[in-house]
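Below: the structure, in structure tokens.
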Amino acid sequence: MAVPRDPFYKRAVRKVTTKEGWFGDYDYGFLCLPQFPYGKKAARKNPPFYSLDADLPLILAIVCGFQHSLAMLAGVITPPIIFASQLALTSDYQSYLISASLISSGILSMVQMSRFRIPRTRFYIGTGLITVVGTSFASISTGSAVFNALYADGTCPSTTDDLGNVVRQPCPEAYGKLIGTFLVTSFLEMFMSFVPPKKLRKIFPPLVTGITVVMIGVSLIGDSGFLNWGGGANSCSSRPAAPSIFELCPTIYAKGAKPWGSPEFLGLGFLSFVTIILVEIFGSPFMRNASIIIGLVVGMIVAGATGYVDATNIRTSPAITFLWVKRFKLGVYGPAVLPSLAVYVVLAMEAIGDITASADLSRVEVDGPEFDSRIQGGVLADGMAGFFSALFTVTPMSIFAQNNGVIALTRCANRRAGYICASFMILYGVLGKVSGVFLSIPNPVLGGVTTFLFASVVAAGIKVISYIKFTRKDRFVLAAAGALGFGNMLVPTWATYLFAGVKSPSPGLEGFFNSIVIILSTPYLIAGLVASILNLIIPDDAPEHETLASPSFAESSLEAGVGELPLRQHEMEKDEGKVAVEPGPSSTRVQVHDA
């Protein structure tokens with residue numbers, strides 16, 4: 001017989017008027033106090049676990065929600081900064097894109113966490129877990145290839161300086177074509193949500209998704225992370241001779257401008273990079289989950305004190321902003337359709353892995369009809385996020401993995417914390433000065449932080465691949481995909497002139513040729529495509545006659561796709577002189593993205 005609950009108003013009054021309602025019995029010292037990992041440490045009891053719908057103390061809900069928002073903040077702002085830089089957009093457009101990404105992240109995260117059934121069907125929208133979404137890193141390489149093509153064919157204007165350096169002019173039209181193409185192709189992921197997960201896993205096994213994620217991370221390090229660390233990812237990285245506006249980085253007009261690769265730039269990036277490492281060693285769980293932002297803050301403080309920060313963007317940014325303050329004319333760029341379809345395939349597989357990890361850490365079913373409905377609802381909401389994010393004037397939003405690490409450390413899987421996290425993201429976006437602060441971050445500081453962020457994507461892909469019991473077929477597929485993917489990174493122009501001497505009889509055929517060039521010029525697309533095809537057409541090896549240990553949960557989770565995959569461990573807690581063994585999620589995580 002169910003125990004009747006008190007009326008809502010009584011529960012609300014008790015929540016805000018009692019110490020238990022505000023603080024509960026959570027160990028806030030464990031969460032917030034720095035740690036010294038060397039020497040003898042007294043055993044510490046883990047804080048209580050708060051399930052999806054548990055009665056969460058108010059302070060803990062705010063603290064954990066804030067922590068979730070900090071964990072995803074750097075990943076959300078990085079893609080719009082990169083896109084705006086590639087298109088030479090003015091500072092007001094750059095500030096707007098950051099704000100729009102933050103607001104969209106908060107709104108679409110709430111949709112994922114809400115989970116509701118589509119009327120008169122057995123299908124759902126959302127996962128009902130702390131499943132936050134942010135700007136996908138998978139779209140960066142495709143966007144870069146599209147922008148290069150649009151500048152090359154004259155759609156976007158550019159000029160040439162006295163030394164022959166090409167200087168890109170602002171081209172918001174290219175951004176409108178990119179998000180318009182992603183809007184149309186988002187229906188592919190929505191369609192995939194209705195395909196049984198087992199069939200998806202057969203077509204896109206860990207071998208395929210693992211090498212794809214590795215290529216995403218490595219290409220981002222080379223195309224953005226390390227270039228910004230040296231001073232800028234624009235033409236200044238080639239150190240052109242005078243007279244040129246790119247003689248110094250990011251331009252000769254910037255505050256504290258210096259030649260690319262100057263020791264001052266490398267030092268600033270190194271400071272941010274090392275700060276992340278030190279926080280991981282000595283920081284509290286709260287600090288470790290916000291290490292990327294702490295690295296940015298420390299680098300920003302030192303850069304400001306040494307004269308490398310220009311506060312102009314902060315002064316000119318609006319105090320309050322929202323979506324559609326700036327608009328882009330939507331269009332569909334035909335050659336980008338095939339590559340963007342491939343992006344949504346990658347996003348769907350990432351979503352499956354991330355949802356699997358979230359369900360395990362939230363201590364709900366990771367198998368059976370309920371779990372399958374969370375997968376279906378999550379992938380559907382992920383596809384819808386791609387559609388609505390384009391309407392919100394941002395590139396595709398997808399499920400972020402790093403927040404699962406926050407759940408693992410804090411033992412708080414409560415959706416109220418997730419809703420507060422989403423509210424913080426919307427608040428960051430509405431406060432326009434916040435985006436101005438991010439735009440004022442010097443390139444070396446941003447590069448030092450994003451290099452680490454992108455390298456974590458590489459580590460995630462390697463982790464996925466490492467769980468495969470390699471056969472000759474697996475090694476062959478990995479070698480073939482890696483040859484084209486890594487070769488493309490080392491020689492980016494190898495496919496540029498494939499159809500240079502071909503006169504296309506029609507614009508449609510020319511667009512198809514351009515699509516092929518974009519796919520061949522995007523490392524993770526060509527590697528993922530080759531791996532998927534070879535995995536399907538090459539026959540499996542004969543089974544070896546030996547007894548193998550049954551796979552762990554982590555290994556079976558890998559078959560669900562890429563993302564943040566949990567490794568189960570036994571948490572030993574002393575209770576009244578006895579050692580109790582409690583299965584629980586590990587703080588060792590595998591992160592993607594995204595991010």
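Under UniProt numbering, the first residue of the sequence shown is numbered 1, with each subsequent residue one higher. Every residue gets a Cβ at the ideal spot worked out from N, C-alpha and C, and that includes glycine. Since the structure is predicted, the reported quantities are computational estimates derived from the model, not experimental observations.
Chain C within 8 Å of residue i, Cβ atoms only
i, result
"V502", "The structure shown has no chain C; it contains just one protein chain."
Candidates the options, of which the one nearest residue i by Cα
i, options, result
"K463", "R201, T181, V214", "V214"
"S141", "Q86, V63, Y419", "Q86"
"T410", "S139, L439, Y26, I518", "Y26"
"W260", "G232, F286, L278, P285", "G232"
"G269", "W229, V298, F246, P240", "W229"
"residue 627", "D53, F452, E365, A359", "An answer regarding residue 627 cannot be provided, because it is not within the stretch 1 to 595 covered by the chain."
"G126", "A480, P523, I375", "I375"
"residue 599", "A311, S193, Y333", "Outside the displayed span of the chain (1 to 595) sits residue 599, for which this structure offers no information."
"L129", "R416, N514, L323, V430", "R416"
"Y419", "Y50, K10, S69", "S69"
"F486", "S114, T212, T121", "T212"
"G383", "T78, S101, Q112, C64", "Q112"
"V218", "D540, T450, Y344", "T450"
"F400", "D310, A385, S506, S515", "A385"
"R168", "F83, I533, K202, Y344", "F83"
"Y344", "L484, P523, M190", "M190"
"F424", "C171, I294, V76", "V76"
"A483", "R11, A527, L509, P507", "A527"
"G106", "G24, S506, V394", "V394"
"N535", "L453, A481, T121", "A481"
"T135", "M72, F194, Y151", "M72"
"S114", "V502, I320, P492, G378", "G378"
"I320", "S95, C156, A88", "S95"
"S101", "F499, P523, V430", "V430"
"A348", "V279, T493, M192", "M192"
Separation of residue j from residue i, as counted between CA atoms
i, j, result
"V208", "N165", "39 Å"
"F328", "Y175", "7 Å"
"L330", "V337", "14 Å"
"C412", "L58", "13 Å"
"G447", "F470", "35 Å"
"S521", "A495", "6 Å"
"L227", "S237", "7 Å"
"V477", "L490", "20 Å"
"P80", "L525", "21 Å"
"L529", "P47", "45 Å"
"T90", "L97", "11 Å"
"D474", "L200", "18 Å"
"I62", "L188", "37 Å"
"I426", "R239", "40 Å"
"L52", "P369", "18 Å"
"I245", "V445", "21 Å"
"G461", "A479", "15 Å"
"T17", "P7", "16 Å"
"R363", "S373", "16 Å"
"F513", "P339", "12 Å"
"R472", "Y253", "56 Å"
"S550", "F204", "At S550, the pLDDT of 44 sits below 50, so the modelled position is not reliable; the number obtained from the coordinates is stated separately. If I take the Cα positions, the gap works out to 22 Å."
"L305", "T181", "The residue asked about is misnamed: residue 305 is Ala in this sequence, not Leu. For A305 and T181, the distance between alpha carbons rounds to 43 Å."
"V562", "I533", "With a pLDDT of only 41 at V562, under the threshold of 50, the placement of this residue in the model should not be trusted, and no figure is reported."
"L565", "E350", "Since pLDDT at L565 reaches only 41, below the 50 mark, its modelled position is unreliable, and the value read off the structure follows with that caveat. C-alpha separation (whole angstroms): 10 Å."
Same chain only: Cβ atoms within 6 Å of residue i, ignoring 5 sequence neighbours per side
i, result
"L178", "G143, V146"
"S389", "S104, P396, M397"
"A560", "Residue placement at A560 is poorly supported in this model, since its pLDDT is 38, which falls under 50; the coordinates still yield a value, given next. Only I352, G353, T356 meet the Cβ criterion."
"S109", "V132, V133, A422"
"P442", "A303, Y308"
"N414", "Y50, A54, L56"
"R117", "Y124"
"I465", "G210"
"C156", "L150, C171, A174"
"M287", "V279"
"V325", "Y96"
Chain-order list of residues whose beta-carbon lies under 7 Å from that of residue i (same chain, five-residue window excluded)
i, result
"I281", "P37"
"G222", "M489"
"G21", "R14, K15, P57, L58"
"S284", "L31, C32, L33, P34, Q35"
"L548", "Bear in mind that a pLDDT of 46 at L548, under 50, signals an unreliable position, so the number given afterwards is only what the model happens to contain. Correct list: empty, nothing qualifies."
"D540", "K473"
Rounded Cβ spacing between residue i and residue j (contact assumed at less than 8 Å)
i, j, result
"I292", "I276", "7 Å"
"A149", "P335", "7 Å"
"V298", "S272", "6 Å"
Query raised in the report: Does the region 304-324 touch the region 427-444, meaning 3 or more C-beta pairs lie closer than 8 Å?
Result: Touching, yes, given that three or more Cβ pairs across the two stretches are closer than 8 Å.
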